[in-house]
Each structure stands twice: as structure tokens, then as C-alpha cells.
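To keep things clear, I will list the structure first and then write my remarks on it.
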Amino acid sequence: MFNSFAARCLLFVLTPTFCLSALAIFAYDENHQRAFVKSLYYEKYYFRAITEALRLVFDYPESSYVEEMKILIGDSYLNGGDEEKALSHYLTFVREYPDSKNVPEVFFRIGKLYARNRDYDSAKEYFTKILSHQKVSASLMNKSHKWMILLSLLLEKSDEDLKKLMEQYQLSSDQHIMSMVEEYHTKNFKSPTTAGVLAIIPGAGHLYIGRKRDALSAFIINGLFVWGAIESFDNNHNGLGVLLVAFGSGWYAGNIYSAINGSHKHNRKIRDSFRNRFSVGLNLNERGRRNH
Numbered sequence: 074m075f076n077s078f079a080a081r082c083l084l085f086v087l088t089p090t091f092c093l094s095a096l097a098i099f100a101y102d103e104n105h106q107r108a109f110v111k112s113l114y115y116e117k118y119y120f121r122a123i124t125e126a127l128r129l130v131f132d133y134p135e136s137s138y139v140e141e142m143k144i145l146i147g148d149s150y151l152n153g154g155d156e157e158k159a160l161s162h163y164l165t166f167v168r169e170y171p172d173s174k175n176v177p178e179v180f181f182r183i184g185k186l187y188a189r190n191r192d193y194d195s196a197k198e199y200f201t202k203i204l205s206h207q208k209v210s211a212s213l214m215n216k217s218h219k220w221m222i223l224l225s226l227l228l229e230k231s232d233e234d235l236k237k238l239m240e241q242y243q244l245s246s247d248q249h250i251m252s253m254v255e256e257y258h259t260k261n262f263k264s265p266t267t268a269g270v271l272a273i274i275p276g277a278g279h280l281y282i283g284r285k286r287d288a289l290s291a292f293i294i295n296g297l298f299v300w301g302a303i304e305s306f307d308n309n310h311n312g313l314g315v316l317l318v319a320f321g322s323g324w325y326a327g328n329i330y331s332a333i334n335g336s337h338k339h340n341r342k343i344r345d346s347f348r349n350r351f352s353v354g355l356n357l358n359e360r361g362r363r364n365h
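If you want our numbering, it's the 1-based position in the sequence shown plus 73.
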């Protein structure tokens, strides 16, 4: 009797709770799901945001939010550190929705992603696609123009080509662009050819690119190899002399290669820093999205 009474009381208490839970589940529509996905994304729970975005796309395949969720999935992979999957999702979006008004924004993301990985030719290709697209906004058009100037600098286009491009995009009087171009031309780039030629004198190539310790070690070690080989031959230790010449020649050639490679690294570092600095104001910030 007591157990039956207790069960009835428990059922009386829990029934409203279950009903309310069921109502809450049915009330959790696509708008709430979208808000939840965006909150996860903004709080940097990128991979949970991907899961919930996929859930929305699956549950509401006809929703007006499907395109937004698919773009957000790519953004989440990008910000989560998986650039390869991000690029794959962006390219898939363009193939699936070629007539979407969101395509220019996706082109923009693809262009930036290629630029980040120093594939400036591919980046330029996608920014060019934006400029020829019929559904591009004025804001995105302006930013794409500026990216084209930045990419032209990074691709070492001639001053004449830059001037024509700035005139074409009506950016000749833009202070941001003018300061960007002027600063780029003051950068201390190093010629790989010059570095290689100077490296014929052990240490000189490294000294040219600003690596003083490497220059000193190259000079000393090459000098020791030469001294050791000469001493070996003078003392009739021909085998040792040949061995030292062989090793010394390899070290000598390696120092020339190192100086050339070092100049490339030096230039890449300058370009990366320059690109990161001047691309800060050239991010997406449309339709309430955060910068990408």
C-alpha cells in the first residue's frame, strides 16, 4: 500500500517535468539551434560548433541558415587549426552553391587562406574572381582591391604595374595603400644571388644576411679544414689530406647553400610580417560575423 502511494506521488511530481522537457525539445527550433552554434563559435568551442552546425543542416535541410552553417563549419576548422579541411569546405561550398550571394565572401576566405600559406598566385586568382562577381558588396570590393595591391607587392610586380593597378582601383590617394607601398620598398630584402656569390669567401654570405655567428663559424671551420689538409699533405699523410679535402669541400658547398637559403628565409620572414601587419584591416566583417 505504502509503495503504491509513493509511486503515485512520484508520478504526480515527475509528469509535469517530463511534459515541460518534451515541450522544450519541440520548442528548440532552427533559430535556437543557430544561436547555440554561433555562441559556441564565438566562445571558441570550434569543434562543438561544427557538430551542432552539422546537426542543424541535417535536421533542417531546407532552412535559410544552411549556407551560413556550412560557411561557419569551414571557419571553425580554420580557427581550430585545420586549414586543409577549412579549404576543402570552402571549395565544396562554391561548387554546391555557385549562384549564392555568399560566394564572394567564401572566395575572400579562400584567397586569404592561400595568402597565409604564401601561395600568392592562387590568392590573387580568388580575389580576381571576387572583382568579377555580380553579387559582391561595395565593402568587399574595396577590400579585395587592397588585397590585390598587397599581393602585387608580395609577388614583386614592377612599380609601373603597381601604379596602373592603383589607378584602375582608384586607390592612388588612399593613405593606407600609399604607406603600405612606401614601407614595402624600404624593407631590407637580401638577394639570394648576392648571398651565394659572397659565400665563396667563407662567412661572407652569412655576414651579408645578418647571421654573424654563422659567418664566424663558417670562416673558422673552413679555415681549419684548409689548414688541416695542407698540414696533412706537407707531412705525407695523403690519405688524411684527401679525407679532409673531401669533408671540407662538402662543408664549403653547404655554407654556400646555407647562405642562399638563409636569404630566402630572411625575405620570407619580412614578407610574412608585412602581410600580417597590413592585412589586419582587410578582414571580413559583414552581416554580423566576426573577423576572419
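All residues carry an ideal CB built from backbone N, CA and C; glycine is no exception.
Under DSSP, the alpha helix (DSSP H) around residue i begins and ends at which residues?
| i | result |
| --- | --- |
| LYS208 | No alpha helix (DSSP H) contains LYS208, which DSSP labels as neither H nor E. |
| SER149 | 139–152 |
| GLU157 | 156–169 |
| ASN340 | 311–351 |
| LEU228 | Segment: none, LEU228 is in no alpha helix (DSSP H) and carries neither H nor E. |
| PHE181 | 176–189 |
| PRO265 | 265–271 |
| TYR114 | 103–115 |
| GLU125 | 119–132 |
| LEU280 | 277–281 |
Among the residues of its own chain, which have a CB less than 6 Å from the CB of residue i, if the five just before and after it don't count?
| i | result |
| --- | --- |
| ARG168 | none |
| MET253 | PHE351 |
| ILE333 | PRO265, ALA268, GLY269 |
| ARG344 | LEU227 |
| TYR133 | GLU103 |
| GLY301 | LEU317 |
| ALA126 | VAL110, MET142, LEU145, ILE146 |
| GLY312 | none |
| PHE166 | LYS143, VAL179 |
Is residue i a contact residue of the ligand NAP, with contact defined as CB to any heavy atom under 7 Å?
| i | result |
| --- | --- |
| ILE250 | For the ligand NAP, the structure offers nothing, since it holds no ligand at all. |
Quick check on the burial criterion: 16 or more other C-beta atoms within 10 angstroms. Buried or exposed for residue i?
| i | result |
| --- | --- |
| LEU317 | buried |
| LYS143 | buried |
| ARG107 | buried |
| ILE183 | buried |
| PRO177 | buried |
| TYR330 | exposed |
| ARG284 | buried |
| ASN349 | exposed |
| MET221 | buried |
| ALA159 | buried |
| MET239 | buried |
| GLY354 | exposed |
| GLU150 | The sequence given here places Tyr at residue 150; Glu does not occur at that position. So TYR150 counts as buried. |
| PHE131 | exposed |
| ASP307 | exposed |
| PHE120 | exposed |
| ALA211 | exposed |
| PHE99 | Summary for PHE99: the model assigns pLDDT 40, below 50, so the residue's position carries little reliability; its value from the coordinates is reported in the next sentence. PHE99 is exposed by the Cβ-count criterion. |
| LEU271 | buried |
| PHE181 | buried |
| TYR163 | buried |
| LYS236 | exposed |
| TYR199 | buried |
| ASP232 | exposed |
| LEU289 | exposed |
Near residue i, what residues of its chain come up, given a Cβ to Cβ distance below 7 Å and the 5 sequence neighbours on each side ignored?
| i | result |
| --- | --- |
| PHE75 | Residue placement at PHE75 is poorly supported in this model, since its pLDDT is 45, which falls under 50; the coordinates still yield a value, given next. Here the set comprises nothing. |
| TYR118 | none |
| TYR193 | LEU224, LEU227, LEU228 |
Identify which residue in the options has its Cα closest to the Cα of residue i.
| i | options | result |
| --- | --- | --- |
| LYS197 | LEU127, ASN328, LYS216, GLU116 | LYS216 |
| PRO275 | TYR115, ILE222, SER346, GLY327 | GLY327 |
| HIS249 | LEU223, GLU125, HIS279 | LEU223 |
| HIS206 | ASP194, VAL179, SER195, PHE120 | VAL179 |
| LYS260 | HIS162, PHE347, LEU127, ILE123 | PHE347 |
| SER129 | LYS202, GLU229, PHE109 | In the sequence as displayed, the identity of residue 129 is Leu instead of Ser. Ranking LYS202, GLU229, PHE109 by Cα distance to LEU129 puts PHE109 first. |
| TYR257 | ALA126, VAL299, LYS230, PHE181 | LYS230 |
| PHE262 | PHE181, HIS337, ALA291 | HIS337 |
| GLN241 | VAL315, THR124, LEU204 | LEU204 |
| GLU157 | TYR187, HIS339, LEU113, PRO171 | TYR187 |
| ILE123 | SER137, ASN309, ASP155, ASP234 | ASP155 |
| GLU140 | SER290, ASP172, ASN152 | ASP172 |
| ALA319 | PHE298, GLN243, GLU304, HIS310 | PHE298 |
Can you find the residues in the same chain that come closer than 8 Å, C-beta to C-beta, to residue i, ignoring five residues on each side of it along the sequence?
| i | result |
| --- | --- |
| ARG341 | ARG191 |
| ASN295 | PRO275, GLY276, GLY321, TRP324, TYR325, ASN328 |
Strictly under 8 Å for the Cβ-Cβ distance: is residue i near chain C by that measure?
| i | result |
| --- | --- |
| LEU297 | Of the protein chains in this structure there is only one, and it is not chain C. |
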